[in-house]
Amino acid sequence: MIRLSAPAFSGSKDIKVLLPALLRRRQAEFVGKAVLDVPAGNGDTAQLLLELGATVTASDLYPEFFRYPAIECVQANLNDTLPFAAASFDFVICQEGIEHMPNQLHLFQELNRVLRPGGRAIITTPNYSNLRTRLSYLLLESEAYKLMAPNETDSIWASEKARTIHDVYLGHIFFANVTKQRVLAALSGLRIVEIHPSRVNYTSLALLPFWYPWLRLTGWLARRRGLKRGAPSAQRPAVYAELAQLNQSLNVLTGGHLIIEYEKRLETPEAVAELSGKLTLETART
204 MIRLSAPAFS
214 GSKDIKVLLP
224 ALLRRRQAEF
234 VGKAVLDVPA
244 GNGDTAQLLL
254 ELGATVTASD
264 LYPEFFRYPA
274 IECVQANLND
284 TLPFAAASFD
294 FVICQEGIEH
304 MPNQLHLFQE
314 LNRVLRPGGR
324 AIITTPNYSN
334 LRTRLSYLLL
344 ESEAYKLMAP
354 NETDSIWASE
364 KARTIHDVYL
374 GHIFFANVTK
384 QRVLAALSGL
394 RIVEIHPSRV
404 NYTSLALLPF
414 WYPWLRLTGW
424 LARRRGLKRG
434 APSAQRPAVY
444 AELAQLNQSL
454 NVLTGGHLII
464 EYEKRLETPE
474 AVAELSGKLT
484 LETART
């Protein structure tokens with residue numbers, strides 16, 4: 204099962220505070236380990252990892268904004284193949300990047316490729332699974348009800364070097380909720396091991412008493428229908444149980460950010476082969 208923490212009711216809600224605090228608490232795990240920070244932004248996280256004893260590689264679409272000369276920042280586009288050999292890193296930190304990526308499955312596959320067996324990836328993103336965002340999506344299809352829906356005028360930025368759409372900085376267009384991330388990870392050979400706490404979003408907390416019973420009920424009905432549908436599957440009950448765990452988590456429903464830690468379980472071709480074998484077996488039973 205996934206380790207889930209309760210949301211925090213005090214402290215900062217800024218991911219630039221939350222993630223460094225998490226990394227500092229786990230300093231011993233980073234000493235001497237190869238860590239990739241992508242997208243690295245201005246380099247604050249990469250510099251912290253260096254101070255914690257890690258061997259750090261930084262990478263970003265716009266390395267000219269990287270501020271720390273002691274660390275080389277390699278130009279890379281997360282929409283393309285990363286310029287690193289397979290199994291190069293023990294950890295990958297992907298902070299506030301996935302919501303900008305049009306091909307998120309490719310992103311997961313690339314993070315999995317550059318990780319060593321058993322390596323960990325920590326991905327952070329605004330929490331598109333909390334109740335405030337779910338309500339905002341119902342009303343305006345936006346991440347917050349005070350904002351317009353994603354569009355081509357509000358959150359797109361390009362430098363003069365941009366030549367293709369993949370060179371353009373795309374804003375929060377590609378929402379990455381927790382269940383979407385889970386299935387993309389599974390298809391890539393990763394699995395969620397823990398969702399770390401973030402500061403509670405009080406609008407989501409206020410909505411919780413009204414919506415939580417309905418979430419439990421509709422989740423139970425959907426799970427019941429799904430287990431009755433199609434060929435028997437040894438895998439489906441465990442998958443559905445994990446989805447229910449995520450859908451009922453107070454951290455997921457009320458937290459302001461998703462800070463999700465993944466473990467490399469398989470190489471991507473092995474994960475695809477495993478899935479294909481199970482699908483073939485289930486089809487043969489019908």
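The sequence shown begins at 204 in my numbering and counts up by one.
The beta-carbon is built from N, C-alpha and C at its ideal position, and this holds for glycine as well.
Since the structure is predicted, the reported quantities are computational estimates derived from the model, not experimental observations.
Straight-line gap, S332 to A243 (C-alpha atoms, nearest Å): 25 angstroms
Inter-residue Cα distance where the pair is L420 and V317: Straight-line Cα distance between these residues: approximately 41 angstroms.
Cross-strand partners of H460 (DSSP beta bridge): P329
Candidates A476, E470, G459 and S479, of which the one nearest V220 by Cα: In terms of CA proximity to V220, G459 leads the group A476, E470, G459 and S479.
Cα-Cα separation between Q451 and A444, rounded to whole angstroms: 11 angstroms
Minimum C-alpha distance to E397 - residue among Q384, V259, L418 and V238: Q384
Rounded C-alpha distance that separates Y282 from L410: According to the sequence provided, residue 282 is Asn. The question's Tyr does not apply to it. The alpha-carbon atoms of N282 and L410 are separated by roughly 36 angstroms.
Cβ neighbour criterion (16 or more within 10 Å) applied to Q312: Counting Cβ neighbours within 10 Å, Q312 comes out buried, since at least 16 surround it.
K216 and R337 closer than 8 angstroms at C-beta: no
Sequence ranges, beta strand (DSSP E) only - wholly within the region 367-403, length at least 3: Runs found: 393-399.
Cβ shell of M304 (< 7 angstroms), same chain only, five flanking positions each side left out: L281, N282, L310 and F377
Residues of its chain near L484, where Cβ-Cβ distance is below 7 angstroms and the 5 sequence neighbours each way are ignored: Per-residue confidence for L484 stands at a pLDDT of 45, beneath the threshold of 50, marking its modelled position as unreliable; the derived number appears in the next sentence. Excluding residues within five positions, none has a Cβ falling inside 7 angstroms.
Residue from L342, L341, L334 and V295 whose Cα sits closest to the Cα of P320: Residue V295 holds the alpha-carbon nearest to the alpha-carbon of P320 among L342, L341, L334 and V295.
Close Cβ partners of T486 (< 6 angstroms) along its chain, the five nearest in sequence each way excluded: Residue placement at T486 is poorly supported in this model, since its pLDDT is 46, which falls under 50; the coordinates are not used for a value here.
Sub-8 angstroms separation of F269 and G246 beta-carbons: yes
Residues near S479 in its chain [Cβ-Cβ closer than 7 angstroms; skip 5 each side]: none
R488 (DSSP reduced to helix, strand or coil): At R488, the pLDDT of 45 sits below 50, so the modelled position is not reliable; the number obtained from the coordinates is stated separately. Here R488 sits in helix by DSSP.
Helix, strand or coil at K236 [DSSP, three-state]: Reduced to three states, the DSSP call for K236 is coil.
L449 vs V455 beta-carbon contact at 8 angstroms: yes
With 16 other Cβ atoms within 10 Å as the buried cut-off, status of E355: exposed
In DSSP terms, what Q278 is bridged to: D263
Backbone secondary structure at T471 - three-state DSSP: helix
Reference L308; option with closest CA among R206, E346 and A389: A389
Exposure label - V381; buried when at least 16 CB within 10 Å: buried
4-residue-minimum alpha helix (DSSP H) runs that sit fully inside the region 205-231, ordered along the chain: The qualifying runs are 218-228.
Cα-Cα separation, P400 to A288: 32 angstroms
Reduced DSSP secondary structure (H/G/I, E/B, other) of R323: Strand at R323.
The region 422-431 touching the region 345-353, judged by at least three CB pairs closer than 8 angstroms: Because the criterion of three Cβ pairs below 8 angstroms is not met, the region 422-431 and the region 345-353 do not touch.
Of the residues T406, L343, A437 and A474, the one placed nearest G392, counting alpha carbons only: A474
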